[in-house]
Amino acid sequence: MNTQPQPSHDRILIFDTTLRDGEQAPGAALNMDEKLTIARQLARLGVDVIEAGFPYSSPGDFEAVQKIAEVVGVEGGPRICGLARTTQNDIKAAAEALKPAFRSRIHTFIATSDIHLQYKLKKSRVEVLSIAGEMVAYAKSFVDDVEFSPEDAGRSDPEFLYEVLERAIAAGATTVNIPDTVGYTTPAEFGALIRGIKENVPNIDRAVISVHGHNDLGLAVANFLEAVKNGARQLECTINGIGERAGNAALEELVMALHVRRQYFNPFLGRPVDSEAPLTNIDTRQIYKTSRLVSNLTGMLVQPNKAIVGANAFAHESGIHQDGVLKNRLTYEIMDAQSIGLTDNQIVLGKLSGRNAFRSRLKELGFDLADQELNKAFVRFKELADKKKDVTDWDLEA
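Sequential numbering from 44 applies to the sequence shown in the numbering used here.
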């Protein structure tokens with residue numbers, strides 16, 4: 044069964060492509076059971092769409108998409124999506140793999156930048172325009188929900204891009220996805236691209252504008268947030284930002300940016316500034332668990348200073364910061380660790396730690412020392428901290 048998506052103007056749809064684009068990260072291959080485990084957790088996280096794979100690319104990918112469609116794509120669950128090039132064989136394979144899903148989507152794509160047309164496709168603009176329209180219509184004969192992507196849109200001629208998007212929507216595309224395939228654009232440029240699409244594609248109101256971007260210059264998340272301000276209402280992202288080359292826009296960073304800075308983004312979605320309604324359907328308390336699951340199953344470690352989910356994201360070692368956080372966490376934290384599923388922040392005792400943090404940790408361990416005893420213990424602690432990177436609870440108890 045398929046039900047056509049209704050464009051959402053006051054909420055951002057989260058399209059997770061961890062199982063497709065994320066798996067393209069070198070060394071991130073997943074087996075069927077691992078993909079299914081991740082898909083189940085993505086459903087608990089609350090993503091709107093799971094791009095489960097590229098069915099025509101291999102028998103294994105076909106089987107994985109089919110299984111996820113059957114097990115996770117149930118009524119009330121996320122929409123399950125399969126990728127397909129603009130060829131009949133690709134689209135037929137995607138349609139077949141997606142049959143078990145209650146709600147499915149075929150995502151078909153063709154490049155539109157001159158460099159791709161000349162060197163990769165060896166096709167003219169007229170040919171690409173015709174293929175885009177024909178293959179979107181073909182995909183639409185299988186499912187109600189079709190997404191079209193003009194690959195390398197970030198480096199495409201805008202006027203040609205507008206023409207291709209208009210043709211795709213006329214052929215039945217319900218979502219048009221704008222990829223910055225090589226992570227080339229800056230936030231201002233990407234925002235202007237989305238604004239130009241809204242202003243120059245005559246039938247754009249019949250489709251949801253989506254964005255997809257890579258992190259080659261470290262700008263993917265910033266580009267997406269600028270796109271939201273200019274009309275994008277679906278964000279294609281991956282857990283921990285994994286993906287081809289330097290990776291994709293990180294789901295956890297996008298979601299928490301929209302969550303923490305809700306009052307800033309509300310007006311761009313036509314909401315009152317002080318609206319407390321969530322901007323996405325994500326259960327943020329599932330973020331940390333999902334991050335760890337993907338890291339463990341792919342073998343791709345999360346860097347300690349990674350925003351939101353890195354080991355140090357809620358850790359404080361500086362004495363000044365520790366003292367401030369102990370008095371009021373908002374002095375040095377813009378979000379609560381519990382909001383992403385952690386139990387609390389972490390005060391790391393080291394050579395930069397101050398007396399307040401030291402006293403607080405001792406109390407947690409059951410030691411309530413008088414001032415004189417505390418002073419002596421603090422001197423010994425500083426001596427030890429100069430020799431060790433971090434001082435553990437075991438060190439304090441000893």
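Ideal Cβ placement from N, Cα and C applies to all residues, glycine included. Keep in mind it's a predicted model, so treat the numbers as computed, not measured.
So, Glu118 versus Phe145, is the Cβ gap smaller than 7 Å?
Yes; because the gap between Cβ atoms is below 7 Å, this pair is in contact.
Should Tyr307 be labelled buried (16 or more other beta-carbon atoms within 10 Å of its own) or exposed?
Under this definition Tyr307 is an exposed residue.
Where does Ser184 sit, in a helix, a strand or coil, going by DSSP?
Coil at Ser184, not helix or strand.
May I have the straight-line CA-CA distance separating Asn132 from Leu294, to the nearest angstrom?
C-alpha separation (whole angstroms): 31 Å.
Can you tell me where the beta strand (DSSP E) holding Leu126 begins and where it ends?
From DSSP, the beta strand (DSSP E) with Leu126 extends over Arg122 to Arg128.
Would you check if the distance between the CB atom of Ala137 and the CB atom of Gly125 is smaller than 7 Å?
Cβ distance < 7 Å, so Ala137 and Gly125 count as in contact.
For Leu85 and Ile93, I'd like the C-alpha separation in whole angstroms.
Spanning the two alpha carbons is a distance of roughly 8 Å.
Helix, strand or coil, according to DSSP, for Asn418 in the structure here?
Here Asn418 sits in helix by DSSP.
Alpha carbon to alpha carbon, what distance is there between His159 and Lys165?
Taking the straight line joining both Cα atoms gives about 8 Å.
Within the same chain, show all residues whose beta-carbon is closer than 8 Å to that of Ala196, passing over the 5 residues directly before and after it, in chain order.
The residues are Thr155, Ser156, Leu204, Ile221, Pro222, Asp223, Thr224 and Leu236.
Would you kindly check if the distance between the Cβ of Ser334 and the Cβ of Ile285 is under 7 Å?
The answer is no: Cβ separation not under 7 Å.
Ala265: buried (16+ other C-beta within 10 angstroms of its C-beta) or exposed?
That one is buried.
Please report the straight-line C-alpha distance between Lys142 and His257, rounded to a whole angstrom.
If you take the alpha carbons of Lys142 and His257, they lie about 30 Å apart.
Between which two residues does the beta strand (DSSP E) holding His150 run?
Ser147 to Ala154 is the span of the beta strand (DSSP E), which, as asked, contains His150.
Here's the rule: buried if 16 or more other CB atoms are within 10 angstroms of the residue's CB, otherwise exposed. What is Ile312?
Checking the sequence, you will find Leu at residue 312 rather than Ile. Flag for Leu312 reads buried.
In the DSSP assignment, find the unbroken beta strand (DSSP E) run with Phe308 in it and report its ends.
Premise fails: Phe308 lies in the alpha helix (DSSP H), Arg305 to Phe308, not in any beta strand (DSSP E).
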